[in-house]
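See below for the structure under consideration.
Protein chains in written order, with our numbering: chain H, 4 to 388; chain V, 366 to 557.
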């Protein structure tokens, strides 16, 4: 057993551990019409930007060291430790944003876009140097490619905008919620368990049932399938291979609580204080009947209502009671979700005369019966004597 | 002698009994023909819309109750008319509304039994969804029966008050101890 463990340990030690290597190259592909000049101290360098690629899959990559020579097919070592490159995390984040919105983004496909992107990356990498466009080699500084630069910067600025919607909304079932944010919603994947409409860059929610809803917005930054990677070399310029960065991830969530209020009516007789059933009240809003409430054997009737102002009035009084002539105004909102009313009815006494005539019939019949009995008795007496 | 007296008295009793019923039958016939006449007069007056008769004579009907199911058609007097007497006719109860009032609750009472003025004796034959017609002030009100029930007779009546419906209630006795209550809801009204 000890021998087996020893052999395994030996094997593990023997297996060389290499950092992943890669090679890069450039050829004659360059942005002919573009000159970039770098001035730092007494040194001045001016050249066309060359398009650099990764050997393994010909992906376009970018240089992190302006005007440092790239040695074709020199072995590089991958490392995303930004300190190795003399850069800060903030600089790496900006470089990744320049890469995302620069060359290769939507219609940014020409070599000019590559050149502009590389130019902006260099400016970020070496802030102490003065890096600028010229029209000729070593020529004077010119404000060139401002359209492309402004477009990339605008996209980055838009990327950094945070939305202004709230974290939580409370509405009622009959309310419409319009969520307006200062972000471009077309750049976001929207997931929600609430039905919504996207119109004029606004999210519109309406006719939601009582419940809790979640809305999740995720920025569509899925240009790259794999993570970005930086490579360094002691004999060649450091480079960065475009890929996904967590700086691209933007995710926002807000909740919607859809609520309904409740009104409870307790109906009582004004004289006996008895609970009254079968009283029917109408609930009105803007003169329109919304619902009816009928009291049960406990004298109580209830209804759930969305937020709003309502008028409640009695439509049918229980048998033997007068209609309540009063109207009751209520307001249901987030601060008044449970409203209780105690309402009274006065007893109604309707006097009714006696409507039975049996006694009259009985009187007539009685006379005839008495007379008949008398006749029969008289006849009996005759036969007896 | 004694036997003769008993026989005479007995015959007197029987005679009174028969006379009692005879008079009652006579009253019934008189009442029927009077009613027919007054009903005819009422519809004539309404037809011609006789403005001169806007203050009707005290013995004219102001409304007619018709119940097709039991072939009943009888008039009613104004509440304060001395002829509005339950022993002589069917009547509007004192607390009754007139049918043209808003959310009206019309209450008509009448006797039931076996005598000539038991005008409501056949009300027990009515069923829910039967129609009751009330003619008043040139309008024919059609009510449909929605409820029929009995209550213990105690001299008072407990009725429903409905804000949105016009109701007609007929009340009469059932036996010696109960009251029959028939409630109907207005379904349509139109000029006639």
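Ideal Cβ positions, reconstructed from N, Cα and C, are used throughout, including at glycine. Remember, it's a predicted structure, so these values are computed and weren't measured experimentally.
Query	Result
Using the Cβ count rule (16 or more neighbours within 10 Å means buried), how would you classify residue 416 of chain V?	Any reading at residue 416 of chain V needs caution, since the residue's pLDDT is 47, under 50, leaving its predicted position unreliable; the model's value is listed next. Looking at its Cβ environment, which holds fewer than 16 other Cβ atoms inside 10 Å, residue 416 of chain V is exposed.
May I have the straight-line CA-CA distance separating residue 354 of chain H from residue 521 of chain V, to the nearest angstrom?	4 Å
Taking the alpha-carbon of residue 495 of chain V as reference, which of V:433, V:531, V:377 and V:541 has the nearest alpha-carbon?	V:433
Under 8 Å by Cβ, that's how I've got residue 534 of chain V and residue 545 of chain V pegged, so tell me the actual separation to the nearest angstrom.	Contact flag wrong, Cβ pair sits at about 11 Å.
With a threshold of 16 other CB atoms inside 10 Å of the CB of residue 113 of chain H, please say whether the residue is buried or exposed.	exposed
Quick one: is residue 366 of chain H buried, meaning 16 or more other Cβ sit within 10 Å of its Cβ, or exposed?	exposed
Following the continuous beta strand (DSSP E) through residue 343 of chain H, name the residue where it begins and the one where it ends.	341-348
Terminal residues of the continuous beta strand (DSSP E) containing residue 376 of chain V?	It is not in any beta strand (DSSP E) - residue 376 of chain V instead sits in the alpha helix (DSSP H) that spans 367-413.
Is the CB-CB distance between residue 268 of chain H and residue 344 of chain H below 7 Å?	yes
Taking the DSSP output, what are the residues bridged to residue 38 of chain H?	H:137
Give me the residue from H:135, H:290, H:131 and H:48 with the minimum Cα distance to residue 90 of chain H.	H:131
Pull out every residue of the region 523-539 of chain V whose Cβ sits closer than 8 Å to any Cβ of chain H, in chain order.	523, 524, 525, 526, 527, 528, 529, 536, 537 and 538
Taking the C-alpha atoms as reference points, what is the distance between residue 393 of chain V and residue 384 of chain V?	14 Å
In terms of residue numbering, what span does the alpha helix (DSSP H) encompassing residue 213 of chain H cover?	Where residue 213 of chain H is concerned, there is no enclosing alpha helix (DSSP H), given that its DSSP letter is neither H nor E.
I'd like to know whether the C-beta of residue 322 of chain H is nearer than 7 Å to at least one C-beta of chain V.	yes
Does chain V have any CB closer than 7 Å to the CB of residue 328 of chain H?	no
My understanding is that residue 312 of chain H touches residue 334 of chain H, with C-beta atoms under 8 Å, so please give their C-beta distance in whole angstroms.	5 Å
Examine chain H for any beta-carbon lying closer than 7 Å to the beta-carbon of residue 417 of chain V, and answer yes or no.	The predicted position of residue 417 of chain V is uncertain, since its pLDDT is 47 and thus under 50; no value can be drawn from it.
Looking only at its own chain, which residues have a Cβ that is under 8 Å from the Cβ of residue 55 of chain H, when we skip the five neighbours before and after it?	27, 28, 29, 63, 64, 65, 66, 73 and 242
For chain H, check one thing: does any of its Cβ atoms lie closer than 7 Å to the Cβ of residue 460 of chain V?	yes
Given this structure, state the Cα-to-Cα distance separating residue 156 of chain H from residue 253 of chain H, to the nearest angstrom.	18 Å
How is residue 93 of chain H classed by DSSP in three states: helix, strand or coil?	helix
How many angstroms separate the CA atom of residue 369 of chain H from the CA atom of residue 395 of chain V?	25 Å
Find out if the Cβ-Cβ distance for the pair residue 49 of chain H, residue 140 of chain H is shorter than 7 Å.	yes
Any heavy atom of the ligand NAD inside 6 Å of the beta-carbon of residue 341 of chain H?	Ligands in the displayed structure: none, and consequently the ligand NAD is not present.
I'd like to know whether the C-beta atoms of residue 351 of chain H and residue 323 of chain H end up nearer to each other than 7 Å.	yes
Which residue wins for smallest C-alpha separation from residue 443 of chain V, given the options V:431, V:435, V:452 and V:463?	V:463
In terms of alpha-carbon separation, which member of H:330, H:300 and H:247 lies closest to residue 321 of chain H?	H:300
Indicate the three-state DSSP secondary structure (helix, strand or coil) for residue 288 of chain H in the structure shown.	strand
Please report whether the beta-carbon of residue 504 of chain V lies at a distance below 7 Å from any beta-carbon of chain H.	no
Spell out the partners DSSP gives residue 512 of chain V in its beta bridges.	V:548
Could you have a look at residue 237 of chain H and say whether DSSP puts it in helix, strand or coil?	coil
Between the Cα of residue 183 of chain H and those of H:201, H:293 and H:282, spot the shortest distance and give me the residue it belongs to.	H:201
Does the region 97-109 of chain H come into contact with the region 38-45 of chain H, if we say contact requires no fewer than three beta-carbon pairs (one atom in each stretch) closer than 8 Å?	no
Establish whether the CB of residue 266 of chain H and some CB of chain V are separated by less than 7 Å.	no
Contact check, residue 531 of chain V vs residue 551 of chain V under 8 Å by CB: the rounded distance?	4 Å
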